[in-house]
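Mind the numbering: the sequence shown is residues 1043 to 1284 in the numbering used here, read in order. Glycine included, every Cβ here is placed at the ideal spot set by N, Cα and C.
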Amino acid sequence: MRKFKKLLLLIIIFIVLSIQPAAARTVFYDTFNHWAESDINFASHTINVFRGYGDFTFRPENNITRAEFITILSRTAYKHNQMVEIYTADLSYSDMSDKHWSYTFIISMNEHLKTNNFTLQDIFPGSNFYPDRAITREESAALIAAFCKDSIYNNPLTFTDVPFNNKYYTEIQRLVNAGIIIGYENNTFRGNTNITRAEAASLIRRVYTDIKTSTDGNYLTKLEFMPIKGEEMYSYFGNYNL
1043 MRKFKKLLLL IIIFIVLSIQ PAAARTVFYD TFNHWAESDI NFASHTINVF
1093 RGYGDFTFRP ENNITRAEFI TILSRTAYKH NQMVEIYTAD LSYSDMSDKH
1143 WSYTFIISMN EHLKTNNFTL QDIFPGSNFY PDRAITREES AALIAAFCKD
1193 SIYNNPLTFT DVPFNNKYYT EIQRLVNAGI IIGYENNTFR GNTNITRAEA
1243 ASLIRRVYTD IKTSTDGNYL TKLEFMPIKG EEMYSYFGNY NL
């Protein structure tokens, strides 16, 4: 009888230990059946760059702030060593100091942008950064473009509200051709519209996939049309490393 009790106790302990990792995973009760549920789970659990709230909500329809977006984008870049974490650097915003929770992410992002020949001031001009202000689609596109390779496609933008002289035309074009950002059904981009936490999670998933693909070497870098003798057709041919 004692042996049986011991065995039963060991089985119970094994079961409890087995389910602990699953129990530690936060379940957001406000994301069930949401259009971005899969993206939210990926960003929050699979790669662990996004956080929810203490009441077990994700609040997918809330706007995401500048500080929050830069933070999750930075965490995503760190995953593949695409950005160096900086702890001390000059920042020209009077409302940002090392006391702010996002400070290291902000200065690290600023230093990374310098390698692309621009800074946060080019995206968020002025003496203040306003970290708690909601970020727009155009602003997020400018930040994301600093981490994504050029697409093999170079199709011009067809958005009716993004003229060629738009400040972010090149960045938006690159991300659209790479399939990272998309517009709306009426062929608009709505660059001045704020993005939600759900939309941010969806973007981050695509950015992570793009960075992973390029750093793994599994990236199509060249595309040519090659005629097949005797056939009136062309096949796609590219340089792959899969």
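Query raised in the report: Looking at the unbroken alpha helix (DSSP H) that takes in Ala1119, where does it start and where does it end?
Result: Arg1108 to Lys1121
Query raised in the report: What do you get for Ala1131, buried or exposed, if any count of 16 or more other CB atoms within 10 angstroms of its CB means buried?
Result: exposed
Requested in this report: State the Cα-Cα distance for the pair Arg1175 and Asn1196, rounded to the nearest angstrom.
Outcome: 33 angstroms
**Report entry** Chain-order list of residues whose beta-carbon lies under 8 angstroms from that of Tyr1120 (same chain, five-residue window excluded)
**Finding:** Glu1127
Report task. Keeping to the same chain, check which residues put their C-beta closer than 7 angstroms to that of Gln1124; ignore five residues upstream and five downstream. Result -> Phe1189 and Ile1253
**Report entry** Inter-residue spacing [alpha-carbon to alpha-carbon] between Glu1110 and Phe1171
**Finding:** 13 angstroms
Query - alpha helix (DSSP H) segment containing His1154, residue limits - result: Tyr1145 to Lys1156
Query - Selection from His1142, Thr1251, Leu1199 and Ala1240 that minimises the alpha carbon distance to His1076 - result: Ala1240
Query raised in the report: DSSP beta-bridge partners for Ala1183?
Result: In DSSP, Ala1183 forms no bridge with anything.
Query raised in the report: Does the region 1149 to 1161 touch the region 1178 to 1192, meaning 3 or more C-beta pairs lie closer than 8 angstroms?
Result: yes
Report task. Measure the alpha-carbon distance for Ser1139 versus Thr1146 and round it to whole angstroms. Result -> 10 angstroms
Query raised in the report: Is it the case that the Cβ atoms of Tyr1206 and Phe1231 are separated by a distance below 7 angstroms?
Result: A small correction: the amino acid at residue 1206 is Phe; Tyr does not occupy that position in the sequence shown. The answer is no: Cβ separation not under 7 angstroms.
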